[in-house]
Amino acid sequence: MSAPAEANQRGYWGSGLGFVLAVVGSAIGLGNIWRFPTEVGENGGGAFVLVYVIATFLIGVPVMLAELALGRKTQRNPVGAFRSLAPKSGWGLAGGLGVLTGLIILSFYSVVAGWTLKYTWIAVTGSLHGATPETISATFTNFIRDPWAVLTCHLLFMVITIRIVLGGVQRGIERAAKILMPVLFGLLLLLVVRSLTLPGASEGLSFYLKPDFGKLDSVVVLKAVSQAFFSLSLGIGAIITYGSYLSPKHDLVSSALTVSFFDFFIAFLAGLAIFPALFSVPGLTPDAGPGLIFVVLPNIFNAIPLGNLFGAAFFILLAIAALTSAISMLEVVVAFAIDELGWNRRRAAIAAGSVIFLLGIPSALGNGAVPFFSGTLEFANQIFGGMALVVGALLVSLFVGWKWGVGNAVEELERGRGTFRLRTVWGFLIRFVCPLAILTILLQLLRG
Ligand code: PFF
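Each residue of the sequence shown is one higher than the last, beginning at 299 in this note's numbering.
Structure representation (structure tokens):
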């Protein structure tokens, strides 16, 4: 950190607020606004929501604190962070797994984010205004089958992401998050108000909020817990990386709590925007799957007054949310290349971004365009978006709880705030509750 050139390449957050907004921006993305409602719809409504909340605060927050402490203590990317605290051990591989996972998640995440760019355009131009449900479905199917259209959108999204990461920590990421996150929040509130005032909204509300415990089984619990990790950006080292740009003045504990609360709140609002509206249109069901947003929502927007306007707002919001998350995934790889390979930011961002674009091509083409690649997106999402994240979070909790040590981590957590009153509780959670819960989930995954 002593060499000024190196400090310039890595960078620091300009303010505490900028840091919190950037982490909130990383956490809130397609995971909250597209994946969360889809999972709730497929996995029992309110019961899923309840497990998700518990998982977020009981397992997610402790792991986030562990990642923040690791990042700020070491001021390093995930690989360097593990290595510097446990030199000459195999722990660097845990960070390496994170970098690889970030690379692959972003490759398909960018494809779906590209769809949101297309739908922003469709909504802004009003080309589905007044269209029949059949036309709306056919439009989506034709779009994802058109190789040039999906590749162009994927490329466009990656280029925007690279542009922002090229700007560095303060000028690029922090400034983008400061402007984009409040806009996103405002747009979502607008959609919730619209949705809640539609006829039939109460049926959707009770599906969403009334837990039916009969629907709770091990698969639902498992999906809710992995959704919590995905949504909080845990398990690939994104939070380690963002924490590494923090100065010792900053209070990590209240940041983690603020971020987790906002992440949960945005997902919750997304559900509030979607389910009441969904139930207000006859013939639509909540278990529509991944097509929910792209196939079903345009129908809803067409069926409500000012639907065009709300549709455009919604897809802009989704694209913005995806962008601030994608930035954090690319930053993991860029930080690794800067710290470990000695590259400059420009070279790292362009090279990593290009590799990610290429890796995403099979996911982009595997939805009807090229039969050979069929199912790639789902496969990558399941293995890397589900499994690898959970393994990553397990390794973080084992490392911090048993190798680096709770005492050292607490010392880091107390810098910038004074006593961490829940230190014993946190130590217990990170040493026992998190690893055991995650191990149970992994065993279930392997069995199922
Ligand atoms: N948390 C993001 C979302 O909910 O869309 C996805 C994500 C971002 C996962 C960054 C992992 C990560 F490191």
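Cβ coordinates follow ideal geometry from the N, Cα and C atoms, glycine included.
Asked	Found
With distances taken between CB atoms, is the gap from glycine 535 to valine 318 smaller than 9 Å?	no
For alanine 353, collect the residues of the same chain with a Cβ closer than 6 Å to its Cβ; drop the 5 residues on either side in sequence, then sort them by chain order.	Ala522, Val523, Ala526
Looking at the structure shown, is proline 497 part of a helix, part of a strand, or coil, going by DSSP?	coil
Classify aspartate 561 as buried or exposed, calling it buried when 16 or more other Cβ atoms lie within 10 Å of its own Cβ.	buried
Suppose you measure from the CA of phenylalanine 355 to the CA of proline 603; what does that come to, to the nearest Å?	38 Å
Would you list the residues sitting across from glycine 343 in a DSSP beta bridge?	Pro509
Comparing alpha-carbon positions, which option in Leu514, Val653, Ile331 lies nearest valine 631?	Val653
Taking its Cβ as the centre, do 16 or more other Cβ atoms sit within 10 Å of proline 360, making it buried, or is it exposed?	buried
Straight-line CA distance for leucine 383 to alanine 707?	11 Å
Please classify lysine 547 as buried or exposed, where buried requires at least 16 neighbouring CB atoms within 10 angstroms.	exposed
So, valine 565 versus tyrosine 350, is the Cβ gap smaller than 9 Å?	Checking the sequence, you will find alanine at residue 565 rather than valine. In this structure, tyrosine 350 lies closer than 9 Å to alanine 565 by Cβ.
Three or more C-beta pairs under 8 Å: does that hold for the stretch 397-414 against the stretch 447-456?	yes
Relative to the alpha-carbon of isoleucine 625, which residue among Asp549, Ser324, Val694 has its alpha-carbon at the smallest distance?	Ser324
Do you know how far the Cα of leucine 449 is from the Cα of glycine 424?	23 Å
At a cut-off of 8 Å, would you count phenylalanine 559 as near the ligand PFF, judging by its Cβ distance to the nearest heavy atom?	no
Going by other Cβ atoms of all chains shown within 10 Å of its Cβ, with 16 needed for buried, is serine 500 buried or exposed?	exposed
Is lysine 747 helix, strand or coil when you go by DSSP?	Look at the range of the chain in this structure, 299 to 746, and you will see that residue 747 is not part of it.
Enumerated in chain order, which unbroken segments of the alpha helix (DSSP H) with a length of 4 residues or greater are wholly contained in the stretch 352-424?	359-372, 376-383, 390-423
Select from Pro431, Ala379, Tyr543 the residue whose C-alpha is nearest the C-alpha of glycine 312.	Tyr543
In the structure shown, what three-state DSSP assignment does glycine 312 receive?	coil
What is the DSSP secondary structure of phenylalanine 573, counted as helix, strand or coil?	helix
Below 8 Å, is the gap between the Cβ of tyrosine 310 and the nearest heavy atom of the ligand PFF?	no
Output needed for leucine 334: all residues of its chain with C-beta closer than 8 Å, excluding positions within five of it in sequence on either side, in chain order.	The residue asked about is misnamed: residue 334 is phenylalanine in this sequence, not leucine. Once the five neighbours on either side are set aside, the close Cβ partners of phenylalanine 334 are Tyr350, Gln525, Ser529, Ala565, Ala568, Gly569.
Cutting at 8 Å between CB atoms, please list the residues of its own chain near asparagine 597, excluding the five before and the five after it.	Pro431, Ile434, Val579, Leu582
Just verifying my parser: in three-state terms, what is the DSSP assignment at leucine 616?	helix
Within the 9 Å Cβ cut-off, does tryptophan 641 reach chain C?	Of the protein chains in the structure, only one exists, and it is not chain C.
Going by alpha carbons, who is nearest to isoleucine 736 out of Leu656, Lys701, Asn679, Ser695?	Ser695
So, is glycine 640 buried or exposed, given that buried needs 16 or more other C-beta atoms within 10 angstroms?	exposed
With burial defined as no fewer than 16 other Cβ atoms inside 10 Å of the residue's Cβ, what is the status of lysine 371: buried or exposed?	buried
Leaving out five residues on either side along the sequence, give the residues of the same chain with a beta carbon under 6 Å from the beta carbon of valine 693.	Note that residue 693 is leucine in the sequence shown here, rather than valine. Closer than 6 Å at the Cβ level, and outside the excluded window around leucine 693, lie Ala392.
Pairing CB atoms from the stretch 607-626 with CB atoms from the stretch 327-342, are three or more of them under 8 Å?	yes
Output the distance between the C-alpha atoms of valine 689 and threonine 495, rounded to the nearest integer angstrom.	42 Å
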